[in-house]
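In this note's numbering, the protein residues as written are 1228 to 1779.
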Amino acid sequence: MAKPVILILDDDSEVLQALEHDLRSEYGNRFRLLRANSALMALEVLKKLKLRNDSAALFLVDQRMPQMTGVEFLEQAMEIFPTTKRVLLTAYADTNAAIHAINKAKIDYYLLKPWNPPQERLYPMLNDLLEVWQASFRPPFEGVRVIGSRWSPKLHQAKDFLARNHIPYQWLNIESEEAHSLISYTNCDIKQLPVVLFSDGSHLVEPTNIQIAEKIGLKTRPKMPFYDLVIVGAGPAGLAAAVYGASEGLRTVLIEREAPGGQAGTSSRIENYLGFPSGLTGGDLAQRAVAQAQKFRTEILSPQEVTDVRLHNQYRFITLADGSELSTHTLIIATGVSYRKLNVPGSERLTGAGVYYGAAITEALSCQGEDVFVIGAGNSAGQAAMYLSKYAGSVTIVARGDSLKKSMSQYLIEQIEETENIAVKLSTQVIELLGKEKLEAVAFSNLITDEVEILPTNALFNFIGAKPHTDWLESVVERDEHGFIFTGVNTLRNWMPPKGWTLERSPFFLETSVPGIFAIGDVRHQSVKRVASAVGEGAIAVQLVHQYLASL
């Protein structure tokens, strides 16, 4: 944590130097001393401190200055740092003005010049003030701060990106006085939100994920032109492949378009993963896997997106969204799936403004005491409902089927049944989302009776469907009608190799219709949609990569 600031202000350089000397010798080990000889300059310094979320313990200010008096300065400084202790430095002739300022500028003390010896006339008084300040001091948040409206899709995007990348952040609602003050210090237009503030005092206006990533130090560009193994997608399958590939000596790069963890990374609690009897969040699992992959020198590019794959003999050339290109002998596709968009009136308009896909962890705190809905009947929906129930007034799970048992683990069903503020609506579907600038209500239809019910809410979390991220592979590998990638025996037609297959052998178990390109995890045709299965496929794929490389 940065040391709290003591600011001294005097236009007389000799007085300023003497003050700094005396204060530094007594308080330099606990406080950061800043000096200024101009009131206007000092106010700019305070604004920058506020933007960095630094704390200020004490202002020691001379009364007689050319641009403004010490009292006038303290009045303005108090608006920026209202709890900071304020001391006015005066000559004997200004004593009456100083006494008057105790009420006007709410100064805590006035100090007569000269203050020698400081052990008697300076330190005791300042020690008392600093002790009082320290007693009520609460260390400020150290990290990224995001200012915006709760109902802004761009705010949701920034928050979700930071949360999924495990970057500590604080959301400040634009309706708060603190947010308005910070916006004024940045000289930004209040209509251009969100504004993201960083601990160095800098800020970004309506930033993209790439801009935030570059600012916080995430890597988005490859170091080398060639890798032994390129993995696209950093869900459990891709992360497992990265750990095993790099640990076995392959120069490995892992490319992720959003954040490590994939769909599983948004899970609030995974309780059936081997080795974790108390369970763990998807984010924790992803963070551990990233650390493990980096331990073995896996290069991780995130956020970064692959837009094309070009084949030339035994080389696979990978084109990235920024136009750069890298090459490899082997490519593992682990791009996973995303929740399908709700194809009902209002869905597009309200996405990010009360309608969310996944993101239960990101938005849960915003839903305190509210009635929220979770759409879906799988484990992700059940885990989200359990997490949201800790914050929301009520959680209603809405599913098209007549039972949760067909798609949800029994342990989750039992937890849901035991949670008082979770209800379940079966044989029900969403038919419309209502609201102009934010979600205000949802229209449901009963699939058996056709009865329509409109219920008020400000938050709906969708966990239905699985759309594979394979559009960029349309002309590269063979896929089924839903976009899932064929591998192994599923690439064969009448037991004949896939079109364009040039090798004498058939495709390996996890190999696609193109030699040296593998698919693992949820993106693979007929895969088992479980975290443990994805991790296992990642490990197996690396063994197949070694077999392929040995044949080159």
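We put the beta carbon where it would ideally sit given N, CA and C, even for glycine. Predicted model only: the values in this text are computed from it and were never measured.
Here DSSP, grouped into helix, strand and coil, assigns Tyr1618 to coil.
Here DSSP, grouped into helix, strand and coil, assigns Ala1284 to strand.
For Thr1589, the CB contacts under 6 Å within the same chain, skipping 5 residues up- and downstream, are Lys1386, Asp1387 and Ala1390 in chain order. According to the DSSP assignment, Trp1398 belongs to the beta strand (DSSP E) that extends over Tyr1396 to Asn1400. Distance from the CA atom of Ile1681 to the CA atom of Gly1550, rounded to whole angstroms, is 47 Å. The DSSP-derived three-state label of Ala1548 is coil. Scanning its chain for C-beta atoms nearer than 6 Å, with the 5 sequence neighbours on each side dropped, one finds no residue around Arg1720. Residue environment for Asp1289: buried (at least 16 other C-beta atoms within 10 angstroms of its C-beta). For Gly1506, the secondary structure class from DSSP, reduced to helix, strand or coil, is coil.
The Cβ atoms of Trp1360 and Leu1349 lie no closer than 8 Å to each other. Listed as beta-bridge partners of Gln1656 by DSSP are Ser1672. Under the DSSP definition of a beta bridge, Asn1689 partners with Tyr1584 and Ile1602. Between Ser1252 and Leu1260, the alpha-carbon positions lie close to 11 Å from each other.
The beta carbons of Ala1520 and Ala1473 sit about 6 Å from each other, so the pair counts as a contact at 8 Å.
Residue state for Phe1523 is assigned as coil, using DSSP reduced to three classes. Taken atom to atom, the span from the alpha-carbon of Val1625 to that of Thr1697 is near 29 Å.
When the five nearest sequence neighbours on each side are left out, the beta carbons in the same chain lying within less than 6 Å of the beta carbon of Gly1603 are those of Phe1690 and Ile1691, in order along the chain.
If the five residues before and after Ala1768 are omitted, its C-beta is found closer than 6 Å to the C-beta atoms of Ala1468, Ile1559, Leu1737, Phe1745 and Ile1747, all from its own chain and listed in chain order.
Secondary-structure assignment with DSSP links Asp1289 through a beta bridge to Leu1316.
The straight-line gap separating the alpha-carbon atoms of Lys1230 and Ile1307 is approximately 18 Å. Spatial neighbours of Ala1586 in its own chain (CB-CB distance under 6 Å, excluding positions within 5 residues in sequence) are listed in chain order as Asp1387. Trp1722 sits exposed, since fewer than 16 C-beta atoms from the chains shown fall within 10 Å of its C-beta.
The alpha helix (DSSP H) runs lying completely inside the region 1714-1770 and spanning 4 residues or more number zero. Along the region 1451-1493, the beta strand (DSSP E) occurs as fully enclosed runs of 3 or more residues at 1453-1459 and 1479-1482, listed in sequence order.
If you look at Leu1260, you'll find it isn't in any alpha helix (DSSP H); it sits in the beta strand (DSSP E) that goes Arg1259 to Ala1263.
Leaving aside the five residues that flank Val1703 on each side, the residues in its chain whose CB is nearer than 7 Å to its CB run, in chain order, Val1536 and Val1741. In this structure, Gly1465 keeps its C-beta atom at 8 Å or more from the C-beta atom of Gln1490. No residue range can be given for Pro1421, since it is assigned to no alpha helix (DSSP H) and is classified by DSSP as neither H nor E. In the three-state DSSP reduction, His1383 falls in the helix class (H, G or I). Inclusion of Ala1612 and Val1459 in the CB contact set at 8 Å is not warranted, their separation being larger than that value. The beta-carbon separation of Ala1266 and Met1305, rounded to 14 Å, does not stay under the 8 Å limit for a contact. Membership of Gly1375 in the beta strand (DSSP E) is indicated by the continuous run Val1371 to Gly1375.
The three-state reading of DSSP puts Pro1683 in strand, counting E and B together.
DSSP places Tyr1336 inside the beta strand (DSSP E), whose first and last residues are Tyr1336 to Leu1339. Rounded to the nearest whole angstrom, the CA to CA distance from Val1298 to Ala1263 is 16 Å. In the DSSP assignment, the residues bridged to Asp1535 are Thr1546.
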